[in-house]
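According to this note's numbering, the residues represented by the sequence shown are 1 to 608, in order. Even glycine gets a Cβ: it sits at the ideal position worked out from N, Cα and C. In what follows, a single structure is set out as structure tokens and then discussed.
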Amino acid sequence: MKYFTARNIGFFLIGIGLCLAVSLLFMQKSSTNKGFENETNYKIEPEIKILYPLDNCIFPPEISAPVFKWYPNWDIVSEWQISINTRTDEIYSAFVFETQWKPDSLLWADIKVKANFDTIGFKVTCMREIDSSLVPISSSVNFMISTDSVVAPLFFRKLDLPFNNANEHLSSVEWCLADISRYEKAKTLLTGVNLCGNCHSFSSDGKSLGIDFDYMWDKGGYAITELKDHTSIEKEDFFSWGVLSSKGESSSGFLSALSPNGRFVASTINDVTISSFSGNEFLFFPVKGMLGIFDRQTGESYQLTGANDPMYVQCNPTWSPDGENIIFSKAKALSASELNNPNVVNEFISGEREIRFDLWTVPFNLGKGGKARPVSGAGSNGKSNFFPRVSPDGKWIVFTQAKANMLRRMDSKLVIIPYDGGEARELESNLNPMNSWHAWSPNSKWIAFSTKGFNPYTKIALTHIDDSGHASPAVLLENVVSDKKAINLPEFVDIDFNKWNSIGLDFLKPEIIPVINLNNVKNGQYRGEAVLNGKHLVKISAKVEVVVEKGEIIKIVLLASKHIPDSAKKILNRVHEKQTINLFELGAGSNDEIVLIKAIENALSKGL
């Protein structure tokens, strides 16, 4: 971006000359007036609107330089004077030729030092011809640099829009880590995975990661692993919420949350959701469910007493900082007849039918649960209250509130109450539309949240929370921005940014299958079995019979299988056609195909 300082006299004179030239051109082309006319001949006063930063916003001390942006409500102007000031001194001034300006890293550091945490003013000015005279038109905003650091890097997910497109192109989803002090874009830890992966959670100490992956086509698959420079997720790290499913029901593990010490996980089980894609929007309505707990230490899973009433939908669990309580969302569940009514989906999508959640809290009691009680100020208010998050210092609960329903509501606002309950108040950082998916920094001074207030594509913003629970206007995290992708699920991780560089999904690595020379296999019928199973997972298994004559596979019969779709069974025909079990030649890659080939290998090996 081109700019030059006001201290350079030569360039300053050039700038004045340009202003005069532009003004003379205006004088020749049109008559003058105090305002200007639009297409309906309605006079509009000339105005400059500063788009960013927002007035009175607060930046973290370590944040990289923002892009200052403004917009005039008349013909484009070719030259602008910008200035940065404290209440007593000018720090910097320059002429620029675009409607945006970004200080370089040295200048931004100098601005922060010279301001010394005082109020900083940003002003933009241009000259406009009014009544045959050059009149300066300007606009200004104030901002501050906080003494409170953000402390931790931010983990988040990027995905393509519309959402049905992302669902069809799973490999384009990215899981990233950002350091807000850096000028380069956030680093991608994981992408290229053709597998559905959703919500993530971290232990408070930054040592453990929990994340949803539909491993072995199990919608309840959930992995927990320890964070390292190159974090690896093995199949032994998985368990399935499906083990808690009641007869005829399933458990997806919706919005699972690790306990502060990383030992327990809370999630939604026996759940039913109504969902629909509509353009760029993914409409999502949880209508049934209860809370379940998984204990990593014992490997046990169980329902949480006090949050397992089948007459209600209980979801969105979050932990108190000491791990003693779980706060969750609760609403009346749909009845069996309503769930079987094909019109219910359309009624939810059209808005004819709505569901409203209240926040409740239940003692964890080392997994025994207890009596749940409503959270004062977060229910019975004619609105839906969901997605609670407790500040690490245990002082506040910030949750999302909307007219009705849950998740991705365009009218959603962030609301704050004291931890023990009290009067609810909307945060001053809310933008329009949509504010949700929020997370506290480890020092309880900042909240990161997803919003569409800056762009139709969801972005991540940051707001400072003071001791009284008041929020500053939102700050856009610019090194997290992606022009064509939605950014969501932000989560602070209490680790060193440089000590986490990748996530490896080692559980997807294919089993090693040797290439068997069929000429060495004796004539006969052979049976083989194969099982792919993690420590707590629903297994994939296959049992086959293979007939071999004169070094050729004559027939393959699938005798039994579990959790293998029909589409994968076509690999048996390819083995027969190509007369090989070489994974590369067969184009095999999915776990169910590998299990089938492994069963064939085990059968053939008996004839060697």
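Q. Over what stretch of residues does the beta strand (DSSP E) that includes valine 313 continue unbroken?
A. 312-319
Worksheet item: Quick one: what's got a C-beta closer than 6 Å to tyrosine 526's C-beta in the same chain, skipping five residues either side?
Response: Val546, Ala603, Lys606, Gly607
message: Assuming the contact rule is C-beta atoms closer than 8 Å, glycine 220 and glycine 242 should be a hit. Round their C-beta distance to whole Å, please.
response: 4 Å
Problem set entry | 8 Å contact criterion, which threonine 125 and serine 133 should meet: CB distance rounded | That pair is no contact at about 15 Å.
Requested in this report: Please say whether valine 390 and serine 472 have beta carbons closer to each other than 7 Å?
Outcome: No, the pair does not count as a contact, with Cβ atoms beyond the cut-off.
Residue interval of the beta strand (DSSP E) (run including serine 450):
446-451
What residues in its chain sit with their C-beta under 8 Å from that of isoleucine 571, if we drop five residues either side in the sequence? Leu586, Ala588, Glu593, Leu596, Ile597
> For the 8 Å Cβ check, are there 3 or more pairs between the segment 313-328 and the segment 241-261?
Replying inline: The count of Cβ pairs closer than 8 Å, one atom from the segment 313-328 and one from the segment 241-261, reaches three, so the stretches are in contact.
Between Val141, Lys69, Ala65, Glu98, which has its C-alpha nearest aspartate 104's C-alpha? Per the C-alpha coordinates, the member of Val141, Lys69, Ala65, Glu98 positioned closest to aspartate 104 is Ala65.
- Look up valine 272 in the DSSP assignment and say whether it is helix, strand or coil. strand
What span of residues does the beta strand (DSSP E) with tryptophan 108 cover, start to end?
That residue, tryptophan 108, is in no beta strand (DSSP E); its alpha helix (DSSP H) goes 105-115.
Segment limits, beta strand (DSSP E) that includes lysine 598: Segment 591-605 is the alpha helix (DSSP H) holding lysine 598; no beta strand (DSSP E) there.
* To do: Could you pull out every unbroken beta strand (DSSP E) segment of at least 3 residues lying fully inside the segment 405-472, listed in chain order?
  => 413-418, 435-440, 446-451, 459-464
Exercise. Could you give the distance in angstroms between the alpha-carbon of leucine 304 and the alpha-carbon of tryptophan 101?
Worked result: The straight-line gap from Cα to Cα measures roughly 54 Å.
Quiz prompt | Within-7 Å CB hit, phenylalanine 202 to chain D | solution = Considering every chain present, this structure includes no chain D. It has just one protein chain.
Rounded to whole angstroms, what is the Cα-Cα separation between lysine 459 and valine 480? 8 Å
Taking the straight line between their C-alpha atoms, what separation do you get for histidine 576 and isoleucine 556?
7 Å
Query raised in the report: On the premise that threonine 451 lies in contact with alanine 439, defined as a C-beta separation below 8 Å, what is that separation, rounded to the nearest angstrom?
Result: Actually they are not in contact, since the Cβ atoms of alanine 439 and threonine 451 sit about 13 Å apart, beyond 8 Å.
Next on the checklist: Whole angstroms are fine: how far does the CA of proline 317 sit from the CA of proline 310?
Outcome noted: 16 Å
Exercise. Who are the Cβ neighbours of glutamate 174 in its own chain at under 6 Å, not counting the five residues just before and after it?
Worked result: Lys158, Thr188, Thr191
### Query
What separation, rounded to the nearest whole angstrom, lies between the Cα atoms of asparagine 523 and serine 567?
Pairing asparagine 523 with serine 567, the inter-Cα distance amounts to about 30 Å.
- [ ] Quick one: grab the DSSP three-state call for leucine 609.
- [x] The question about residue 609 has no answer, for the chain in this structure spans 1 to 608.
What are the uninterrupted segments assigned as beta strand (DSSP E) that are 3 or more residues long and contained completely in the segment 538-575, given in chain order?
540-549, 552-562
Should isoleucine 600 go down as buried or exposed, given a rule of 16 or more other Cβ atoms within 10 Å for buried? buried
On the DSSP bridge list, what partners appear for asparagine 142? Gly121
Return yes when the Cβ of glycine 253 is within less than 7 Å of the Cβ of serine 232, no when it is not.
no
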